[in-house]
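Enquirer: Residues 275 to 344 in the numbering used here are what the sequence shown spells out, letter by letter.
Each residue gets a CB set at the ideal place from its N, CA and C atoms; glycine is no exception.
Just so you know, these numbers come straight off a predicted model, no measurement behind them.
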Amino acid sequence: MKTRIIKSLNGLCVELPTEGATAIADKIDSLQSCNVIEIRHYYKKGVSCIIVADYKESAVKDIETILSAY
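(1) Just to confirm, are Ser-322 and Thr-277 a CB contact at a threshold of 8 angstroms?
(2) Spatial neighbours of Tyr-317 within its chain, please: CB distance less than 8 angstroms, with the 5 preceding and 5 following residues excluded, ordered by chain position.
(3) Under 6 angstroms Cβ to Cβ from Glu-312, same chain only, skipping five residues before and after it: list those, please.
(4) As a quick exercise: from Lys-319, Val-310, Ile-298 and Lys-281, pick the residue whose alpha carbon is nearest that of Ala-343.
(5) Nearest to Leu-286 by CA position, among Gly-320, Asn-309, Ile-340 and Lys-319, is which residue?
Structural data, given as structure tokens:
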């Protein structure tokens, strides 16, 4: 499955495989450019969504850098 970053009016949704999603969410939350507010796991689909709020424009690039390591 390909990882996607979806922009909305209220924040970002990072869609990725469930395996390792919590560790990735911790790394994203440690960034100064955004805050993780929720992780939703959809186990039957094997997908997790990390909901990010209060993000700056640099957050998308920072998140892409973290995701490229996986």
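Expert: Let me spell this out:
(1) Taking the sequence shown and counting its residues from 1, one reaches residue 322 at position 48. Taking the sequence shown and counting its residues from 1, one reaches residue 277 at position 3. For Ser-322 and Thr-277, no; Cβs fall outside 8 angstroms.
(2) Taking the sequence shown and counting its residues from 1, one reaches residue 317 at position 43. Here the set comprises Thr-292.
(3) One-based indexing of the sequence shown puts residue 312 at position 38. Ile-325, listed in sequence order.
(4) As a working mapping, residue 343 is identified with position 69 in the sequence shown. Minimum Cα distance to Ala-343 is reached at Ile-298.
(5) Working through the sequence shown from its first residue, we reach residue 286 at position 12. Checked all of Gly-320, Asn-309, Ile-340 and Lys-319; the closest Cα to Leu-286 is Asn-309.
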